[in-house]
Structure formats: C-alpha cells, structure tokens
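Chemist: Residue numbering for the sequence shown follows my numbering, beginning at 430 and increasing consecutively.
For every residue, glycine included, the Cβ atom is placed at its ideal position computed from N, Cα and C.
Shown below is the structure under consideration.
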Amino acid sequence: MLKHPVPPNAKWSYVFGSATLFCFLLQVVTGIGLALLYQPSSEEAYQSLQFITHQATMGKVLRGIHYFGASGMILMVGVHMIRVFITASYKYPREMSWISGVFLLLFTITMGFTGQLLRWDSNGVWSAVVAAEQLGRVPFIGTWLAQLLIGGDTIGAQSLSRFFAFHVFIFPGLIFLFVGFHLQQVLRNGISEPPKAGRMVNPKTYRQWYENLLKKEGVPFWPDAAWRDAIFGSAVILAIVALAVIFGPPELTQPPDPSLVHTVPEPDWYMLAIFALFALMPPEIESWVIFIGPILGITALIALPLLSNKGERSPKRRPWAVVAVVCVVVFMISLLTIGFQAPWSPKFETKPIAEVQAKPQDPVLAHGMSLFYQKGCQYCHQMHGEGGHTGPELSTIGRNWTEQQLQIQIVNGGSDMPAYGGMLTNEELHALVVYLKAQQ
Ligand code: HEC
C-alpha cells in the first residue's frame with residue numbers, strides 16, 4: 430500500500446485528510462488513557478475528572494491533549510471537506526468517498542458534543558438539557574429522540590451512562606468502520622489528481638485515463654507524496670501537545686446544581702455556532718428548522734456527488750462553488766463571534782454604571798443610577814458602554830420616551846424583560862424613571 434503509485438504534483442492542500450486521521454488516533458490513545466481513570470457515574474464523574482486534572486501524573490496534559498485534539502480534529506475535518514469540495518474530488522469515481530465522509534463529519538461532531546457532556550460540570554449538563562429540549566421540539570418523534578439521547582424523561586444518572594456509551598463505544602466504532610471504508614475507497618480509486626481548468630471528468634473514460642496517467646507519471650505514495658502528510662500531521666500533533674502543555678484543559682465549571690438558575694451553558698466552540706443559531710432564530714420557526722434543517726443539509730451533502738459526478742473540476746471554472754464555501758465560512762465565523770458574545774444571555778459581570786458615568790449631584794438621579802445596576806437592569810441593557818445586550822441600549826432613552834411610558838415599561842416588563850412592578854418601592858421606581866429620562 431505504501432508503494433502504490435499516485436499522481437505526481439499532489440499539493441500541500443492534500444494533507445488535511447491524513448491530519449484528521451492522525452488527530453483521531455491521538456483521540457483514541459488519549460481517550461483510553463482518560464477512561465482508565467474516569468468514572469462514568471453521576472456521583473463520581475466530576476470528582477474523577479478533578480482528580481485527573483489536578484492530581485494524576487500527567488493527567489492535566491492528557492486531558493489537554495484530548496481537548497485540543499478534539500478541536501484539531503473538527504478543524505481538520507472541516508478544512509479537508511472544503512478542499513475536496515473546491516477541487517470537486519467527489520466526482521466520478523469517488524462519490525462514495527464523499528458520502529462516507531459526510532457520515533464521518535456527523536460522527537465527529539457527535540463525538541465533540543457527547544464528550545463535552547462527559548465533563549458533567551454545570552456547562553456539560555446544561556448543554557445536554559438544551560440539546561434534549563431542542564430535540565424534543567422535533568415534530569412527531571421529538572420526545573422519543575430526546576428520550577433516546579438522555580435515557581429517560583429527565584437528565585440524570587442514566588443520561589451519563591448513555592453519553593459514555595455513545596462516546597466510547599458506539600460512535601468510535603462507527604468512525605473506525607467508516608474510516609476503514611473511506612480509506613479502502615482511496616486505495617481503490619486512487620487520490621484525485623489536482624484539477625486543471627478545461628479537463629473534464631467523463632465517467633466512461635476516466636478510469637482508463639487515470640490508469641494511463643499513473644503509468645506515465647505516477648510516483649510511489651511513500652515517500653514521494655506521503656512526506657507532506659507526515660510533516661503536516663506531525664506538526665498538528667505537536668501543536669496540540671504544545672497547547673495542552675501551555676494552556677491545559679479548560680477548568681471544569683461548578684458541579685451541576687439545578688438550583689443555580691444563573692447558569693447559561695457555554696458549550697465548546699464547535700457547538701457554539703449551533704447554539705447561537707438557535708438563540709437567534711425566531712421561536713416560531715425553531716421546531717421546524719430543527720427538524721427540516723438537518724434533513725435538508727444532510728440530503729444536499731449526500732446528493733451532491735450523485736447529482737454532479739462529471740464535468741469540470743477546477744475551481745477556476747466553478748466560481749459558484751468558491752462563493753458557496755466563502756458564504757458558509759463567513760456564516761459560521763459570524764455565528765461563532767456572536768456565540769462568544771452571547772447577547773441573548775444577561776451579562777452578570779458588568780461594571781456598575783456609577784464607575785463609568787460621573788455621579789450626578791441630584792440625589793434622586795444618583796439613586797436611580799445605582800438602582801440601574803443594583804436591580805439588574807444593566808445585566809440586559811447597555812448604558813454608556815457598560816452592560817448586556819439582551820435588551821435595547823438605553824443611553825439615549827430619555828429623548829423619545831416620556832416618564833409615563835418608562836414607568837409602564839418598568840412595571841410591566843416585556844417579552845424578555847421581567848415585570849418589576851412588585852420588586853420596586855414607589856420611591857425606587859420614581860428614581861429609575863427620573864434617571865432614565867435624564868439620558869438624552
Ligand atoms: C432579563 C433582561 C432584562 C432586564 C433585567 C431588564 N430589561 Fe428592560 N428590556 C429588556 C428587553 C428584552 C427589552 C425589549 C423589548 C421588550 O421585551 O419589551 C427591554 C426594554 C426596556 C425598555 C424600553 C426600551 C426600548 O427602546 O424599547 C426600557 C425603558 C427598559 N427595558 C428599562 C429597564 C429597566 C429600568 C430595568 C431595570 C429595572 C430593566 N429594563 C431590566 C430586557 C431586560
């Protein structure tokens with residue numbers, strides 16, 4: 430296999446598939462290491478991870494490698510997919526490589542998600558709650574899907590066993606199976622030759638043509654083509670290990686506690702885009718998007734090589750393919766950026782407005798200003814550059830709103846704003862209104 434001939438002038442852009450495989454193997458090795466100490470029970474999981482992170486020899490580095498390895502694998506799988514799409518390597522005769530790759534992408538994302546739940550800290554548990562709630566909204570089969578995911582009606586001890594089984598047996602098993610098939614396809618059909626504008630893929634003649642190409646110009650896979658894979662793969666692994674040694678794994682948040690209503694789940698970055706998408710979507714369409722979105726997306730990806738398996742491969746002649754990739758990448762990065770800012774969740778660590786704005790002389794105004802922070806308005810509202818983004822900025826609210834309107838808004842609240850009617854004394858309400866009216 431090492432000596433099989435491959436087309437010459439394979440490029441550096443062809444290294445991402447093997448880099449993904451290296452990351453996967455790294456995950457298997459470090460995952461086994463973690464499983465030796467991890468206790469998959471809701472009583473012990475959190476403690477055992479704390480033990481791995483803070484006491485076990487090299488435990489911190491091991492968890493770190495597994496954490497950054499997951500990020501690396503998702504990143505590499507994404508870039509590999511983009512490269513295959515841009516060079517249209519999914520065309521004849523490599524349709525099944527692409528289709529098995531679509532499944533591998535889904536399995537990889539599922540691994541990232543289930544792995545994050547195994548931390549069993551408040552973040553992990555709340556992410557599972559959110560996911561189960563979203564699955565539950567799928568029409569018709571939602572409840573059943575959610576029960577399948579968490580192993581019952583509520584998140585509990587049995588959910589962790591289930592996530593553990595998904596993460597350690599079922600999905601790794603599926604990945605091994607599909608990687609085996611994926612690689613068998615590569616060996617059988619050969620690596621796609623770098624595309625050239627104007628050179629069409631014709632299913633009737635392609636295999637003959639490809640064989641002639643290999644006969645005339647083929648070079649042995651090792652070392653002529655594989656040295657790039659070896660160098661890039663090693664660099665990726667080294668980078669992962671370096672990140673693990675320098676930064677270590679993320680600290681666990683507090684153990685899950687249902688009475689802590691303040692916890693807003695902050696999933697790892699590769700799940701953040703999906704969370705952001707759902708947070709931004711109008712609630713009316715959410716159930717349908719959760720249901721139809723993945724079906725449409727996966728169907729489109731699987732259908733791609735079946736619908737378009739011949740013709741031009743060069744990105745120079747397929748400008749729309751390039752535009753599509755740019756759009757998807759920009760979309761994902763935008764969602765990620767918004768996900769990091771999380772404007773939909775109140776911002777609890779905001780600086781009191783009195784530290785930013787000069788304190789007014791008037792005692793009522795000054796009282797209103799401190800109430801604006803104390804009563805939590807600032808968690809949701811920007812005021813002169815400080816505060817959350819859940820509600821509209823209020824720095825100039827006094828220009829258009831009358832005192833009466835302000836009072837009504839505060840007392841009654843709104844769609845995403847609590848009604849403060851019973852929580853404020855008349856004097857406090859007055860002070861807040863006067864303060865807001867003064868914001869011109
Ligand atoms: C949990 C988040 C949250 C908190 C806390 C909150 N608000 Fe709001 N507020 C909102 C949202 C969201 C809106 C926008 C629409 C709506 O729901 O009515 C809003 C709207 C407003 C408006 C109308 C602004 C406009 O342009 O529509 C005012 C005035 C206001 N809030 C004042 C306050 C004051 C004063 C407090 C504290 C006593 C407060 N809010 C606390 C979320 C919040």
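Could you compute how far the alpha carbon of P678 sits from the alpha carbon of F497?
Modeler: If you draw a straight line from the Cα of P678 to the Cα of F497, it is about 8 angstroms long.
Chemist: Do the stretch 535-546 and the stretch 618-634 meet, that is, are 3 or more Cβ pairs less than 8 angstroms apart?
Modeler: no
Chemist: By alpha-carbon positions, which one of L564, P568, I599, L463 ends up nearest to D582?
Modeler: L564
Chemist: Compare the C-alpha of Q833 against each of G816, G851, L861, E472 and name the closest.
Modeler: L861
Chemist: Among the residues of its own chain, which have a CB less than 7 angstroms from the CB of L764, if the five just before and after it don't count?
Modeler: So the list reads A702, A705, L706, once near-sequence residues are dropped.
Chemist: Any idea which residues DSSP pairs E815 with across the strands?
Modeler: M812
Chemist: Would you say T819 touches the ligand HEC, meaning its beta carbon is less than 7 angstroms from a heavy atom?
Modeler: yes
Chemist: Going by the C-beta, is M798 closer than 7 angstroms to any heavy atom of the ligand HEC?
Modeler: no
Chemist: Would you report the Cα separation of N855 and G501, rounded to the nearest angstrom?
Modeler: 56 angstroms
Chemist: Return the chain-ordered list of same chain residues with a C-beta closer than 7 angstroms to the C-beta of H897, the five sequence neighbours on each side being excluded.
Modeler: The chain is shown from 430 up to 869; residue 897 falls before or after that span and cannot be answered.
Chemist: Confirm, please, whether the CB-CB distance from L533 to F598 is below 8 angstroms.
Modeler: no
Chemist: Counting beta carbon pairs with one atom in the stretch 784-798 and one in the stretch 830-849, are three or more of them shorter than 8 angstroms?
Modeler: By the Cβ rule, the stretch 830-849 does not count as touching the stretch 784-798, because fewer than three pairs are nearer than 8 angstroms.
Chemist: Considering only their Cβ atoms, is the gap separating L431 from W651 smaller than 8 angstroms?
Modeler: yes
Chemist: Quick one: any contact between the stretch 670-684 and the stretch 485-492, if contact means 3 or more CB pairs under 8 angstroms?
Modeler: yes
Chemist: Report whether the distance from the Cβ of S844 to the nearest heavy atom of the ligand HEC is below 7 angstroms.
Modeler: yes
Chemist: Which residue from V752, T766, E622, H810 puts its Cα closest to that of P775?
Modeler: H810
Chemist: Flag R591 as yes if its beta-carbon sits less than 8 angstroms from any beta-carbon of chain B, otherwise no.
Modeler: Within the model displayed, chain B is absent; a lone protein chain is all it includes.
Chemist: Looking at M812 and I839, is the spacing between their C-beta atoms short of 8 angstroms?
Modeler: no
Chemist: Looking at H810 and the ligand HEC, is the gap between the Cβ and the nearest heavy atom below 7 angstroms?
Modeler: yes
Chemist: Is C756 near the ligand HEC, going by C-beta to nearest heavy atom under 7 angstroms?
Modeler: no
Chemist: Who are the near neighbours of L725 in its chain, counting only those whose CB is closer than 6 angstroms to its CB and skipping five residues on each side?
Modeler: none
Chemist: Which runs of the alpha helix (DSSP H) spanning at least 4 residues fall entirely within the stretch 778-860, listed in chain order?
Modeler: 792-803, 806-809, 832-841
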